[in-house]
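> The structure under discussion is supplied below as C-alpha cells; questions concerning it will follow.
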Amino acid sequence: MWGEGFSLNIAVSLSVPQGFRQSKGLSLVLVNSRINRNKQTRIFMEMQGNESPTTSYQSTVNIPHVLTVAGSDSGAGAGIQADLKACAARGVYCSTVITAVTAQNTIGVQGVNVVPEDFVAEQMKSVLSDMHVDVVKTGMLPSIGIVKILHQHLREYPVRALVVDPVMVSTSGDVLAGPSVLAGFREELLPMADIITPNLKEASALLDGVKIKTVSDMRSAAKLLHDMGARNVLVKGGDLPDSLDAVDIFFDGEHLYELRSSRIKTRNTHGTGCTLASCIAAELAKGASMLEAVKVAKCFVETALDYSKEIFIGNGPQGPFDHLMKLKSNAHNSGRQVRFNPSDLFLYAVTDSGMNRRWGHSISDAVKAAVQGGATIVQLREKDIETRDFVEAAKSCLQICRAHGVPLLINDRIDVALACDADGVHIGQSDMPARTARALLGPEKIIGVSCKTPEQAEQAWIAGADYIGCGGVYPTHTKANNLTVGLDGLKTVCLASKLPVVAIGGIKVSNARPVMEIGVPNLKGVAVVSAIFDSECVLTETRKLHAVLTEATAAVK
Ligand SMILES: Cc1ncc(COP(=O)(O)OP(=O)(O)O)c(N)n1
Ligand SMILES: Cc1ncsc1CCOP(=O)(O)O
Ligand SMILES: [Mg+2]
6 MWGEGFSLNI AVSLSVPQGF RQSKGLSLVL VNSRINRNKQ TRIFMEMQGN
56 ESPTTSYQST VNIPHVLTVA GSDSGAGAGI QADLKACAAR GVYCSTVITA
106 VTAQNTIGVQ GVNVVPEDFV AEQMKSVLSD MHVDVVKTGM LPSIGIVKIL
156 HQHLREYPVR ALVVDPVMVS TSGDVLAGPS VLAGFREELL PMADIITPNL
206 KEASALLDGV KIKTVSDMRS AAKLLHDMGA RNVLVKGGDL PDSLDAVDIF
256 FDGEHLYELR SSRIKTRNTH GTGCTLASCI AAELAKGASM LEAVKVAKCF
306 VETALDYSKE IFIGNGPQGP FDHLMKLKSN AHNSGRQVRF NPSDLFLYAV
356 TDSGMNRRWG HSISDAVKAA VQGGATIVQL REKDIETRDF VEAAKSCLQI
406 CRAHGVPLLI NDRIDVALAC DADGVHIGQS DMPARTARAL LGPEKIIGVS
456 CKTPEQAEQA WIAGADYIGC GGVYPTHTKA NNLTVGLDGL KTVCLASKLP
506 VVAIGGIKVS NARPVMEIGV PNLKGVAVVS AIFDSECVLT ETRKLHAVLT
556 EATAAVK
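Each residue of the sequence shown is one higher than the one before, counting from 6 in the numbering used here.
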C-alpha cells in the first residue's frame, strides 16, 4: 500500500450569489485533480457566461487524515484519546472508530465494554465511505470479529498505509486482547500491515512466547515478524532491562536500524505506545517515508515525555503526558489568566534600547521600574538587538511582568514573541499582516496594530486585532519620519474604530491631559517611550505620568 505515490486533492469552490445561475446562464465546472508529487498542480475551472460574477472564492485542500481504530481510555492518557491528541499535535486530522470503552485511570483498567461488532463496522463505513483517509492506525482490537471487519473494510476502501500497534496488554498489566485475537493478528493483520509496532511483551506473544531480553533478541524478533508479513517492523525496547537509552529496532525488510534516544525518567508514560504509532501514521499521512516517520515519532514522544516530566495527573503509578506541550503554561500563576483587558492600555510603556544605553539601564531594570511606577502594559521595542539577546531579555522581562500581572508585548517580532511565550505583539502597517500574525500566534495572544486612518482601523478589526495604536498625536523624535495626526486625527480614528485605542507619539506629563480628554470612550490610554525611558529615574517619571492620567480620567468621568 505504502509507496504508491503521494497524492493531494485540491478542490476549488466558488460561491455564486443566489439567482445568478438563472439570470446570467453561468455554468461552472470544477475538476478535482489528483496531483502527483513533483508533477504540476492542475486545477481546472471552466466558466461560461458573459460577465464575470461577483463571487467569493474559497479554495479547499484535502488535509492529511488518519483514521484510528482503537479503544477509548476514560483517563485519556492512551487509546483513542492519545491518538487524537498525537494527530492534533502533528497537524493531521484524526477520525475515530471506537472498538471498546474502557474504564481506566492512572492506577489501571477497572472495566472493559466491547462495542458490538456490527456497530464497529457501522462506524468504519461511516468514515471510510465519506472521508478521504490516508492512513489507518489500529490500537485495541478486542475480538477476532473486529479484526475481520477491519480487513474487509480496508479491501473495500484501500488506504495508503496501515499502522498496526498490536495492543494486547496495558502498561498496567491488564489484558486488552485475549489469545484468540492473536491468531487474527498473525493471519489477517500482519500481512496487511505497512508497519507493526510491538513492545517486547507483544513481540514475544506474536512469536509464540519467544524470550526477548537483549537488543540482539529484538533484532531477531524484528526479522521473524517481518517474515510473518509485516512490511516494516518497529520493536520497542522501552521495557528492556538495564538499558540507559530507549532502544528500538526498526527493520524494513532489508536493513536493521538501532534507534536510540535518551530514556526520560518520569512516571508519565501512559499512552506512549499509542502516541508513537499515531505519530508514525500522521507523518505517513503527510507524505514522509517510513524511516522518516518512525524517527520523527520517536523524537516527538521523547520531547513530549521530557516536557511532561513533572506534571501530576492522577494518583496511580503511571500518569499521562502532555501531547500538545501546553498544560504547564496554564498551571496556576505561570501564565496570564485573563486574555486581554482594554483597560490595560492605560499607561503603555514602550522600551527603547538607545535610551536605556544612554542612561545605563538594562532592559529588565527599565521594565521593572516602569511596572513598579504603574505601567499597565509593556512593549519591548528593541530595534537594534541580536535575536538571541532579544529572546533572553524578553524572558526576563516576562518574569517581571507576570509577577505584577502586567502583559508584555513584543514590537514587530512575532518569532521572538513565540520563542519567549510573550502575551502578544504590536505590529505596524509594514510589518507582518495582522491576520498572519493571528494565525501564527493563535486566538489567545494580544495583537495590536498601528493605525493612522479609519480604513486601517477597520482592517485591523477585520484581521482579528485586539487594539489599535494611533499616532503620532504630537511630533516625536523617537520615530523618524512619523506623520503627526494630531488630536483631531486621533479622534477621527477613535470614532471609526471598533477596537480600543491607545494614543502614541510625543505624549508626556505636560500634554497627556488633552489626549485623555478628547471624550471618546474607546480611547483607553497613552503609549509612551521617551516620557518615561529617556530619564535617569524611570520609576519616578512613570509615577508622575500615572498620576496625571488618573487625574485626567477622573475629571472626564
Ligand atoms: C502602541 C504602539 N502604537 C504604535 C506603534 C508603532 O508601530 P509601527 O508603526 O510598527 O512602528 P515601530 O514602532 O515598529 O517603529 C507602536 N510601536 N506601539
Ligand atoms: C513608536 C511610535 N509610533 C508612533 S509615534 C512613536 C514614538 C513614540 O515615542 P515617544 O513617546 O518618545 O514620542
Ligand atoms: Mg513595527
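Glycine included, each C-beta is placed from N, C-alpha and C at the ideal position.
1) On the DSSP bridge list, what partners appear for Val533?
2) Ligand 3 and Asn416: does any heavy atom of the ligand fall closer than 7 Å to the residue's C-beta?
3) Check Val97 in the structure and name its three-state DSSP category.
4) In the DSSP assignment, what are the bridge partners of Cys499?
5) Say yes only if the C-beta of Asp565 is nearer than 7 Å to one or more non-hydrogen atoms of ligand 3, and no if none qualify.
6) Three-state secondary structure (DSSP) at Thr277?
7) For Pro459, which of Gly476, Gly447 and Val180 has the nearest alpha-carbon?
8) Taking one C-beta from the region 275-294 and one from the region 133-147 each time, how about it: are there three or more such pairs within less than 8 Å?
9) Does the Cβ of Ala349 lie closer than 7 Å to at least one heavy atom of ligand 1?
10) Taking any heavy atom of ligand 2 as the mark, which residues have a C-beta closer than 6 Å to it, listed down the chain?
11) What does the alpha-carbon distance come out to for the pair Pro121 and His328?
12) Roughly how many whole angstroms lie between the Cα atoms of Ala91 and Ala559?
13) Cβ of Val490 within 8 Å of Cβ of Val507?
14) In three-state DSSP terms, what is Lys44?
15) Judging by CA-CA distance, which residue of Thr104, Ala166 and Met521 is the nearest neighbour of Val152?
16) I need the DSSP call for Ser367, collapsed to helix, strand or coil.
17) Rounding to the nearest angstrom, what Cα-Cα distance links Phe538 and Ser515 in this structure?
18) Between Arg268 and Ala251, which are expected to be in contact by the criterion C-beta below 8 Å, what is the C-beta distance as a whole number of angstroms?
19) If you follow the beta strand (DSSP E) that Gly524 is part of, which residue opens it and which one closes it?
20) Is Gly278 closer than 8 Å to Thr392 when the C-beta atoms are compared?
21) Does DSSP classify Ser79 as helix, strand or coil?
22) From the DSSP output, in three-state form, read off Ser131 for me.
23) Could you round the C-beta distance between Lys529 and Ser348 to whole angstroms and report it? I think they count as a contact, below 8 Å.
24) What would DSSP say about Ser57, mapped onto helix, strand or coil?
25) Considering Val421, what are the terminal residues of the beta strand (DSSP E) in which it resides?
26) Thinking C-alpha only, which one of Ala302, Ala398, Met173 and Cys499 is nearest Asn527?
27) Judging by CA-CA distance, which residue of Leu385, Ile318, Ile452 and Met521 is the nearest neighbour of Thr271?
28) Could you check the C-alpha separation between Met50 and Val97 for me, to the nearest Å?
29) Taking 8 Å as the cut-off, decide whether the C-beta atoms of Ala468 and Arg443 are in contact.
30) Going straight from the alpha carbon of Gly84 to that of Val71, what length do you get?
31) What is the residue span of the alpha helix (DSSP H) that Val306 lies within?
32) If I measure Cβ to Cβ from Pro69 and keep anything under 6 Å in the same chain, skipping five residues before and after, which residues do I get?
33) Who does Glu263 pair with in a DSSP beta bridge?
34) With DSSP as the reference, identify every bridge partner of Gln109, one or two as the case may be.
This is what the structure holds:
1) According to DSSP, Val533 bridges with Ala354.
2) True, at least one ligand heavy atom lies under 7 Å from that Cβ.
3) Val97 falls in the coil class under three-state DSSP.
4) In DSSP, Cys499 forms no bridge with anything.
5) Absent from the model: residue 565. The displayed extent of the chain is 6 to 562, so no value can be given.
6) In the structure shown, Thr277 sits in a helix (DSSP, three-state: H, G or I).
7) With distances taken between Cα atoms, Pro459 lies closest to Gly476.
8) A contact exists between the region 275-294 and the region 133-147.
9) The identity of residue 349 in the sequence shown is Asp, whereas the question assumes Ala. Not so, every heavy atom of ligand 1 lies at least 7 Å from the Cβ.
10) Residues with a Cβ closer than 6 Å to any heavy atom of ligand 2, in chain order: Gly476, Gly477, Thr481, Thr483, Lys484, Asn487, Ile509, Gly510, Gly511, Ile512, Val533, Val534, Ser535 and Ala536.
11) If you take the alpha carbons of Pro121 and His328, they lie about 30 Å apart.
12) About 53 Å.
13) Contact flag unset, no.
14) Residue confidence for Lys44 is low, a pLDDT of 29 falling below 50, so the modelled location carries little weight; the figure read from the coordinates is stated next. If DSSP states are grouped into helix, strand and coil, Lys44 belongs with coil.
15) Answer by Cα proximity: Thr104.
16) DSSP places Ser367 in coil when its eight states are reduced to three.
17) Cα to Cα, Phe538 sits roughly 16 Å from Ser515.
18) Contact flag correct, Cβ pair sits at about 5 Å.
19) First-last for Gly524: undefined, no H or E at that position.
20) Not a contact, by the Cβ cut-off of 8 Å.
21) Ser79: coil per DSSP, three-state reduction.
22) Three-state DSSP puts Ser131 in a helix.
23) Between the beta-carbon of Lys529 and that of Ser348 there is about 6 Å, and that keeps the pair under the 8 Å contact cut.
24) With a pLDDT of only 44 at Ser57, under 50, the local geometry of the prediction cannot be trusted, and no value is derived from it.
25) Taken as a continuous stretch (DSSP letters only), Val421 belongs to no beta strand (DSSP E), being part of the alpha helix (DSSP H) at Ile419 to Cys425.
26) When only C-alpha atoms are compared, the closest one is Cys499.
27) Of the listed residues, the one whose Cα sits closest to Thr271 is Ile318.
28) Only weak support exists for where Met50 lies, its pLDDT of 33 falling under 50; the value from the coordinates is given anyway. Near 28 Å, if we compare the C-alpha coordinates of Val97 and Met50.
29) At a Cβ-Cβ threshold of 8 Å, Ala468 and Arg443 count as neighbours.
30) For Gly84 and Val71, the distance between alpha carbons rounds to 14 Å.
31) Residues Met295 to Tyr312.
32) Val97, Asp139, Ala290 and Lys291.
33) Per DSSP, the beta-bridge partners of Glu263 are Ile254.
34) For Gln109, which the question treats as bridged, DSSP gives the partners Val114.
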